[in-house]
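Be aware that the sequence shown starts at 0, since it is given in the numbering used here, and climbs by one per residue.
Every residue gets a Cβ at the ideal spot worked out from N, C-alpha and C, and that includes glycine.
See structure below.
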Amino acid sequence: MDAAVTIKPAERGVQSPFRRIVSDFLANPVAVFGLGLLTLIVLAAIFAPLISPQNPYDLAQLDVMDSRLPPGSPSPTGGTYWLGTDDQGRDMLSAIFYGLRISLSVGALSTVLALAIGLVMGLSAAYL
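Encoded structure:
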């Protein structure tokens with residue numbers, strides 16, 4: 000008697016669309032690098048008060064004698080002005096971190112506002 004040999008096709012589970020999108024995203028190294036950079040920027044904005052050497056909005060910390068210092072100059076508090084200072088003696092790195100907070104807040108607020116307006120317009124267009 001000849002035994003019939005049956006070969007089953009490779010069983011593959013059906014992949015959900017979300018899992019397929021994530022696997023395609025993770026297969027692209029440029030996209031993963033961009034996501035990592037964006038995450039780093041958002042974390043720098045969130046934790047700006049903790050990682051900034053100086054609060055650029057606190058006038059008590061500013062010293063006009065420290066104005067226009069070049070990058071890498073030592074600060075009077077014992078730190079270093081990694082990006083130098085501006086005309087008013089503010090640390091440029093701290094100003095960038097605090098500016099990130101404002102820029103990301105404006106971007107998020109405008110996105111939410113555009114979403115709300117688009118939702119109202121879309122629902123009214125669908126209803127009418």
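In this structure the stretch 84-102 lies against the stretch 36-53, because at least three pairs of beta carbons, one per stretch, are closer than 8 Å. Counting every other CB atom within 10 Å of its CB across the protein chains shown gives residue 57 a total below 16, marking it as exposed.
Between residue 55 and residue 90 the beta-carbon gap is near 7 Å, inside 8 Å, which marks them as a contact.
Bounds of the alpha helix (DSSP H) holding residue 91 are 91-126. Residue 88 is not a Cβ neighbour of residue 109, given a cutoff of 7 Å. Beta-bridge pairing by DSSP links residue 73 to 79.
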